[in-house]
Every structure is written in C-alpha cells, then in structure tokens.
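The next block holds one structure in the form of structure tokens; read it before the comments.
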DNA sequence: AGCACGCCGACT
DNA sequence: GTCGGCGTGCTC
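Residue numbers (the working numbering): 1 to 667.
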C-alpha cells in the first residue's frame with residue numbers, strides 16, 4: 001500500500017454540477033503511472049460510464065464519506081496539467097461563474113499520440129528533452145534590444161525579490177518601427193517584449209508573450225529566433241495545426257525555461273519557473289476569449305502574475321481603458337514616452353479639391369498632396385474602414401449619435417421598420433435631446449459610401465496598388481512607389497516605415513456606436529501611425545473634436561483617462577464589471593433576485609432577444625465580484641438541476657463580455 | 001448528460 | 001397485487 005492511494009480528479013465535463021474534485025482509489029497496478037497532472041479515464045456512476053479527467057493530486061485519506069470507485073486507466077504518463085495551470089483555471093472559473101474544465105479545454109490542447117510518444121521517449125530523468133542554454137546563447141539573449149525600457153526597469157522586472165507592485169508595468173510603446181536584424185522590422189514595443197523575454201529566459205526563467213493575432217505572432221517569432229535558439233522557443237498557437245500546437249505545449253511543459261509565444265491562450269500555457277508575462281495591445285478585441293467562460297487574456301495574465309509573482313507588462317501604442325483603470329488604482333505603474341516623443345497625427349479637413357486626381361476617390365487636397373509627395377520616396381498607407389451596415393439613429397441637425405434618456409446607451413432600430421429602442425436597457429423610443437446641439441429631429445445614419453481600391457489607386461497615377469484586408473492580409477510590403485490600401489488592423493509592415501499614412505475613414509470609424517469607440521479609434525489610428533517612418537506625415541482625414549485634438553497634441557493618454565472618468569460616472573465598464581445573464585424570463589428573474597440584493601450591484605434590462613429569450617446586464621463593483629459570481633453560479637447549477645419545465649436549462653452567464661454594451665442585442 | 005431511484009394509474 | 005410512467009437528483 002502506498003502513502004497516498006487516493007486520487008483527486010477533475011472530470012472533463014462542462015456540467016457545472018461536476019465542477020469539483022472527485023476522489024478515486026488508485027489500484028496497485030496504476031500506482032506508478034498515476035502521478036499528478038496525467039490524463040485519466042474514471043468510472044462515473046454505475047453502468048460502465050467512463051469519463052475523461054485529470055489527476056489533480058494524490059492524498060492519503062479520502063474526504064468523501066461514501067464508497068470510492070477505482071481509476072480505470074491512466075491515458076499516458078505525460079503530466080499535462082501543472083499545479084499552476086490548475087490553480088489558474090480554478091480561480092478564473094470562480095471569478096467568471098464558469099467551470100475549471102471549460103478553461104482547461106482551452107489551456108491543455110487535445111492529445112496528439114504520435115507527438116506525445118516521441119516527446120516522452122526523448123524526455124530525460126530531469127524532465128527535459130535537451131540542454132539548457134550555452135554561455136554563448138545566454139550572451140546573445142542578454143544583448144537582445146528592448147528599446148522602450150531603461151535598464152533599471154528591466155532589472156526590476158527580472159528581479160524576483162523586488163516588490164510585486166514595482167514589477168507590474170503598463171507600457172505605452174513608442175510609435176516607431178525597429179529593425180530586429182536580417183531585414184526584419186517590427187514595432188519597437190513588440191521588440192521590447194521580445195528583448196525582455198529573451199533576458200528572462202537567459203536568466204533561467206520562462207517568459208510568456210501573448211499577442212492579438214497571427215501577424216503579430218509571426219513578427220514576434222521572427223524577432224525571437226534572432227536572439228534565442230529554436231529549442232528555447234515554444235510556440236503554442238493553433239495556427240499551424242494541432243500537432244505543432246501540441247509540440248509547442250509539450251516544450252513549454254519541460255523543466256527548462258522557454259519563451260512561450262502565442263495568441264491569447266498562451267497566457268494559460270505551462271511554464272517552468274515563470275518569470276515574465278507580457279501582453280501586447282490588450283485593448284484588441286482578439287484578446288477576449290470567445291469560448292466559455294470567456295475570460296479575457298488580460299484577466300488571466302493578472303491572475304497568473306498574482307499566483308507566480310512574476311513580472312507583468314501590458315504594452316500597447318494606445319493603452320486600453322482597462323489598463324488605465326489599473327494604473328489609476330495604483331496596481332500598475334506606467335512607463336510612458338515623453339509627450340514630445342509621441343507621434344503627432346494631424347487632423348485635416350474633408351474639403352476635396354475639385355481638379356485633382358484625388359477628388360474622384362474623395363481624398364481631401366491636403367492629404368492627397370502629402371501622399372503624392374511622399375510616394376516619390378516610398379510606400380504610402382491608406383487606412384480604410386471595413387464595409388458594414390450601421391443601423392443607428394443620429395441627430396438630423398448635427399449627425400451626433402443619439403443616446404438613451406434612461407441609461408445613455410445607443411439608440412437604434414433592431415430591424416427595418418421597428419421602433420427605435422435602446423440597445424443596452426431596451427427602452428422603446430427613449431431618445432434624449434442631442435448631447436451636442438440639443439436638437440430633437442432624428443434620422444437613420446447612412447453607412448457612407450465605400451471607396452474601392454480601384455478608385456483609390458487611380459487617385460495616384462503610376463503607383464502600384466496593394467490591397468490588404470482581413471481575408472487577404474499582407475505581412476510585409478517591399479519598398480517602392482506603392483499605395484497600400486488596408487483595412488484597420490490589416491496594415492502590412494514596410495521596412496523603415498511608410499513615407500505617409502492617411503487615415504481615410506476616420507469619420508465612419510468614430511461614428512460607429514458601442515462603448516469603446518474612442519478606445520478603438522485611438523488604438524486603430526495610433527497602431528497605424530506606428531508603422532510610419534519617423535518623419536513621415538500621419539493625417540487624420542475629416543475628423544475634429546476631442547479625439548483629433550488629443551492625437552494632434554500627443555495627449556491620447558489623457559483622453560483615455562477622461563473616457564474612464566465618464567464611464568465611472570455612468571457606471572459602465574471598465575469602471576464596473578458586468579455579467580450578461582441570458583435565458584427564459586423566469587430563469588433570469590430567479591438568477592437576478594439574489595444579486596440585486598447586494599450593495600454595489602444593479603442591472604440593465606431584462607430585454608427580449610430575437611430568439612424569444614431575455615437578457616439582462618448586471619453591473620457590479622469590482623469588490624462584489626466574488627459574491628456575484630457565487631450567486632450566479634448557484635443559479636446556473638439550480639437551473640441545470642431543476643428540470644421542472646421538462647426543457648433543458650437555457651440560463652447562461654457571461655462575465656465582462658466586452659461586447660455586452662455594444663449594439664449586439666439584436667439577434 | 002445519462003442513469004437510477006421513487007411514488008401514482010391500468011394490467012394479468 | 002405489480003409493471004412502468006417520467007419527475008427528481010446524483011455522479012467519488
């Protein structure tokens with residue numbers, strides 16, 4: 001008999017009733033293989049039902065009073081669930097009223113038998129498949145450029161004995177490109193993260209870098225490959241197939257430091273002696289997880305930092321309102337370039353010259369002349385909006401979006417012919433007088449005509465035209481007389497930077513509704529500006545007002561602070577947390593009742609949704625998070641268990657959905 | 001989810 | 001008397 005014959009097991013099941021540790025006896029025959037972290041098969045109830053699960057840990061005595069069943073099978077000896085990742089899943093699930101196994105489904109990739117067998121075969125007694133870095137490799141990694149941070153800040157971030165508060169940084173990255181070597185150009189902020197991470201690995205600790213999309217990831221991978229050996233890099237994204245993903249995951253699992261790079265799920269990867277966790281552009285919606293329970297990569301990074309006491313850096317050209325909040329409560333300290341070093345984005349009028357080739361494409365004269373001139377020396381970027389329908393109601397006099405008189409939410413029509421209603425609280429025809437001109441006449445907004453690449457290209461005779469959008473994104477463009485037409489977020493990189501950048505659809509982007517319009521526009525435009533050569537003009541076409549002013553004077557950070565102050569006044573995220581509760585009217589009513597009794601909690605709605613259900617948005621102070629999650633979780637379990645109404649439960653809870661307050665309540 | 005347990009109507 | 005209906009509850 002061994003000392004710890006009881007296995008505590010997490011069943012791989014989305015059922016909230018099963019989201020706890022069940023105890024099983026470990027038979028003598030499996031004693032050696034049944035180590036913490038392995039995948040298991042266990043019986044669940046009688047009748048030969050078998051469930052998959054993870055062995056979380058082993059204990060000497062069972063706390064369960066009843067008869068224990070035995071583990072059926074140890075799937076493999078690979079210990080894929082580390083204690084750190086389990087704790088992360090548990091805490092994140094509790095915070096979001098979800099299940100740990102839902103989180104682990106994202107954190108632990110599906111098993112690939114061939115790859116796992118090869119890896120297990122190569123694993124030595126120390127839990128590694130290869131050597132640590134050589135002194136020469138360490139020297140290269142220690143010399144990796146980290147242009148946006150001074151050596152003191154880097155030293156503190158690397159120092160495990162430094163005060164935790166000093167090791168949490170919000171970096172507003174300088175808006176310029178740097179050359180990593182071998183003709184690889186990337187934003188200075190991304191290079192900084194790679195440089196920081198390379199030093200961390202050189203010092204014997206792992207680092208995680210999570211970026212929004214694959215284009216950023218390719219830049220990071222290329223830069224990392226110049227400063228670290230391939231063996232020290234674990235790429236954990238799903239973009240190159242399940243096999244490569246699992247290979248990267250297993251590399252991260254080894255007992256030697258790695259630079260773990262990937263998209264949002266990288267923050268949940270295993271890491272040997274985690275020393276740094278870095279997020280790039282945390283305001284990008286791609287960092288918001290789509291799968292249940294929908295925990296944002298930023299929140300996972302914060303939890304991970306708290307657990308591992310590692311360095312934490314949230315870096316972006318344009319800080320998110322969430323980062324701003326963390327700065328204001330004193331949780332993050334800022335590293336910001338001097339205002340004089342911020343890139344100026346010049347607003348220009350929308351007045352179009354009549355006799356220029358730019359007129360047909362409705363490019364204002366000043367912008368067209370700047371672009372034509374710049375084209376002689378290299379590529380020019382024209383950033384455009386994605387096409388899309390926008391069913392908002394605006395002031396007929398000045399065009400400002402109309403707000404709800406009840407909650408200040410956007411007012412729109414759900415479908416053609418319907419009465420205008422508030423997208424957030426559901427009030428019918430609630431429009432308040434225009435906030436800009438006090439007018440009361442209304443009209444539907446028009447989406448604005450979409451320019452074609454052809455039109456834009458013809459405005460610049462003799463130039464090569466390259467189109468880059470989400471479907472056909474170009475990573476890089478060669479120097480030359482080239483017009484690059486790109487939708488926001490899909491702008492290619494040019495070595496040395498664009499010679500001019502025109503932000504053409506600024507008016508349409510700013511007129512979109514949604515809670516984060518200002519944050520998004522600042523992010524899109526400052527990210528594009530960061531791709532320009534140092535002295536190249538960046539022109540914001542056809543927009544004035546506070547956003548344009550902030551960009552012109554290099555005070556975007558102050559504008560985000562003002563934006564956050566507004567949200568605080570209105571009780572909107574990220575000043576408060578939110579929980580979207582969807583289901584049948586009685587289910588939602590029952591779920592809301594106990595949480596609305598708590599201080600610092602209120603709700604918008606419920607409103608009817610298109611599929612006959614109702615939706616309410618609970619708003620809660622951060623301090624109420626534990627209580628509200630606990631109550632809503634109890635409501636989900638109750639709804640799943642009590643099947644009084646013969647139908648399976650439809651109650652859903654989603655915390656901190658970034659789109660909750662946007663115009664997505666229809667459909 | 002499944003599957004067993006449990007307390008009320010029509011069958012040999 | 002008892003076979004079986006599905007509402008209710010549990011899964012180590």
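The C-beta atom is built at its ideal place from N, Cα and C for all residues, glycine as well. Just so it is clear, the structure is predicted and the values come from calculations on it, not from any experiment.
**Report entry** Whole-angstrom C-beta distance between residue 526 and residue 317, which should lie under 8 Å
**Finding:** On the first chain, position 317 is the one that residue 317 refers to. On the first chain, position 526 is the one that residue 526 refers to. For a cut-off of 8 Å, the C-beta gap from residue 317 to residue 526 is around 4 Å, short enough to register as a contact.
Requested in this report: Can you give me the start and stop residues for the beta strand (DSSP E) that residue 468 sits inside?
Outcome: For this step, residue 468 is matched to residue 468 along the first chain. Counting along the chain, the beta strand (DSSP E) containing residue 468 begins and ends at 464-468.
Query raised in the report: Quick one: Cα of residue 167 to Cα of residue 224, how far?
Result: Locating residue 167 in the first chain gives position 167, counting from the first residue. Locating residue 224 in the first chain gives position 224, counting from the first residue. Whole-angstrom Cα-Cα distance: 22 Å.
Report task. Report the option in 122, 380, 573 whose CA atom is closest to the CA atom of residue 533. Result -> Residue mapping note: residue 533 aligns to position 533 of the first chain, counting from 1. Selection 122, 380, 573 evaluated against residue 533 yields 380 as nearest (Cα-Cα).
Report task. Tell me whether residue 184 sits in a helix, a strand or coil according to DSSP, three-state version. Result -> Walking along the first chain from the start, residue 184 turns up at place 184. Residue 184: strand per DSSP, three-state reduction.
Query - residue 11 to residue 51 span [Cα, whole Å] - result: In the first chain, counting from the first residue as 1, residue 11 sits at position 11. In the first chain, counting from the first residue as 1, residue 51 sits at position 51. A straight-line Cα-Cα distance of about 7 Å links residue 11 and residue 51.
Query - Alpha-carbon spacing of residue 278 relative to residue 183, whole angstroms - result: On the first chain, position 278 is the one that residue 278 refers to. On the first chain, position 183 is the one that residue 183 refers to. Residue 278 and residue 183: Cα-Cα distance of roughly 25 Å.
Query raised in the report: Among residues of its own chain, excluding the 5 on either side of residue 288, which ones have a beta-carbon nearer than 6 Å to its beta-carbon?
Result: Stepping through the first chain from its first residue, residue 288 is reached at position 288. Same-chain partners within the cutoff: 296, 658.
Report task. Go ahead and pull the three-state DSSP assignment for residue 240. Result -> Indexing the first chain from 1 puts residue 240 at position 240. Here residue 240 sits in coil by DSSP.
Query raised in the report: Run through DSSP, which three-state label would residue 69 get?
Result: Position 69 of the first chain, counting from 1, holds the residue named residue 69. In the structure shown, residue 69 sits in a strand (DSSP, three-state: E or B).
Query - Sub-8 Å separation of residue 97 and residue 629 beta-carbons - result: Within the first chain, numbered from 1, the residue matching residue 97 stands at position 97. Within the first chain, numbered from 1, the residue matching residue 629 stands at position 629. The answer is yes: Cβ separation under 8 Å.
Query raised in the report: Do you know whose CA, among 412, 177, 366, 86, lies nearest residue 303's CA?
Result: Your numbering for residue 303 matches position 303 in the first chain. For residue 303, the nearest C-alpha among the options comes from 86.
Requested in this report: Report the three-state DSSP secondary structure of residue 602 (helix, strand or coil).
Outcome: Taking the first residue of the first chain as 1, we reach residue 602 at position 602. In the three-state reduction of the DSSP assignment, residue 602 falls in the strand class, which pools E and B.
Query raised in the report: Where do the ends of the alpha helix (DSSP H) carrying residue 138 lie?
Result: For this step, residue 138 is matched to residue 138 along the first chain. DSSP places residue 138 in the uninterrupted alpha helix (DSSP H) bounded by 135-142.
Requested in this report: Pull up the DSSP beta-bridge partners for residue 493, would you.
Outcome: Position 493 of the first chain, counting from 1, holds the residue named residue 493. Residue 493 has 476 as its beta-bridge partners, per DSSP.
**Report entry** Spatial neighbours of residue 385 in its chain, beta-carbon cut-off 6 Å, leaving aside the 5 residues before and after
**Finding:** For the purposes of this step, residue 385 is identified with residue 385 of the first chain, where counting begins at 1. Scanning its chain for C-beta atoms nearer than 6 Å, with the 5 sequence neighbours on each side dropped, one finds around residue 385 the residues 505, 508, 509, in chain order.
Query - Spatial distance of residue 312 from residue 322 (CA atoms) - result: Locating residue 312 in the first chain gives position 312, where the first residue counts as 1. Locating residue 322 in the first chain gives position 322, where the first residue counts as 1. Cα to Cα, residue 312 sits roughly 15 Å from residue 322.
Query raised in the report: Nearest-angstrom Cα distance between residue 501 and residue 528?
Result: Locating residue 501 in the first chain gives position 501, counting from the first residue. Locating residue 528 in the first chain gives position 528, counting from the first residue. C-alpha separation (whole angstroms): 8 Å.
Query - Under 8 Å between C-beta atoms of residue 668 and residue 200 - result: The first residue shown for the chain is 1 and the last is 667, placing residue 668 beyond what the model contains.
Requested in this report: Pick out whichever of 572, 269, 634 has its Cα sitting closest to the Cα of residue 18.
Outcome: Counting from one through the first chain, the residue named residue 18 turns up at place 18. Residue 634 is the option with its Cα nearest to residue 18.
Requested in this report: Measure the alpha-carbon distance for residue 344 versus residue 538 and round it to whole angstroms.
Outcome: Locating residue 344 in the first chain gives position 344, where the first residue counts as 1. Locating residue 538 in the first chain gives position 538, where the first residue counts as 1. Between residue 344 and residue 538, the C-alpha separation is close to 7 Å.
Requested in this report: Figure out for me which residue from 401, 272, 126, 195 has the closest Cα to the Cα of residue 513.
Outcome: By 1-based counting over the first chain, the position of residue 513 is 513. Selected option, being the one with the closest Cα: 401.
Query - Segment limits, alpha helix (DSSP H) that includes residue 314 - result: Taking the first residue of the first chain as 1, we reach residue 314 at position 314. Premise fails: residue 314 lies in the beta strand (DSSP E), 311-316, not in any alpha helix (DSSP H).
Requested in this report: Compute the distance between the beta-carbons of residue 333 and residue 466, then report whether it is under 8 Å.
Outcome: If you number the first chain from 1, residue 333 lands on position 333. If you number the first chain from 1, residue 466 lands on position 466. Contact: no.
Report task. Please go through the stretch 89-175 and give each complete beta strand (DSSP E) segment of 3 or more residues, from N-terminal end onward. Result -> For the stretch 89-175, whole beta strand (DSSP E) runs of length 3 or above, ordered along the chain, are 168-172.
Requested in this report: Hey, could you find the ends of the beta strand (DSSP E) residue 522 is sitting in?
Outcome: In the first chain, the residue the question calls residue 522 occupies position 522. Element bounds for residue 522: not the beta strand (DSSP E) but the alpha helix (DSSP H), 517-529.
Query raised in the report: Would you call the stretch 580-597 and the stretch 337-354 touching, i.e. three or more CB-CB distances under 8 Å?
Result: A contact is defined here as three or more CB-CB pairs under 8 Å, and the stretch 580-597 fails this definition with respect to the stretch 337-354.
Report task. Run the proximity test for residue 463: is its beta-carbon closer than 7 Å to any non-hydrogen atom belonging to the ligand ADP? Result -> Inclusion of the ligand ADP in the displayed structure is not the case, the ligand content being empty and no account of it being possible.
Requested in this report: Starting from residue 23, follow the beta strand (DSSP E) in both directions and report where the run begins and ends.
Outcome: Here residue 23 refers to the residue found at position 23 of the first chain. That run of the beta strand (DSSP E) goes 21-25.
**Report entry** Where the alpha helix (DSSP H) through residue 227 begins and ends
**Finding:** On the first chain, position 227 is the one that residue 227 refers to. Residue 227 -> alpha helix (DSSP H) spans 214-227.
Query - Spatial neighbours of residue 661 in its chain, beta-carbon cut-off 6 Å, leaving aside the 5 residues before and after - result: Position 661 of the first chain, counting from 1, holds the residue named residue 661. Cβ within range, chain order: 424, 515.
Query raised in the report: In the stretch 313-391, which residue ranges form an unbroken alpha helix (DSSP H) of at least 4 residues, counting only runs that do not cross its ends?
Result: If we require 4 residues or more, the alpha helix (DSSP H) runs fully inside the stretch 313-391 come out as 321-328, 365-375.
Requested in this report: Determine the extent of the alpha helix (DSSP H) in which residue 457 is found, giving its start and end residues.
Outcome: The residue given as residue 457 occupies position 457 in the first chain. Here the alpha helix (DSSP H) through residue 457 covers 453-458.
Query - Span separating the alpha-carbon of residue 7 from that of residue 260 - result: Taking the first residue of the first chain as 1, we reach residue 7 at position 7. Taking the first residue of the first chain as 1, we reach residue 260 at position 260. Distance between the alpha carbons of residue 7 and residue 260 is about 30 Å.
**Report entry** Bounding residues of the alpha helix (DSSP H) (the contiguous stretch that carries residue 553)
**Finding:** Within the first chain, residue 553 is the residue found at index 553, counting from 1. For residue 553, the enclosing alpha helix (DSSP H) begins and ends at 546-553.
Query - Contact under 8 Å by Cβ, residue 329 with residue 267 - result: Numbered from 1 along the first chain, position 329 holds the residue referred to as residue 329. Numbered from 1 along the first chain, position 267 holds the residue referred to as residue 267. Judged by their CB atoms, residue 329 and residue 267 are not nearer to each other than the 8 Å cut-off.
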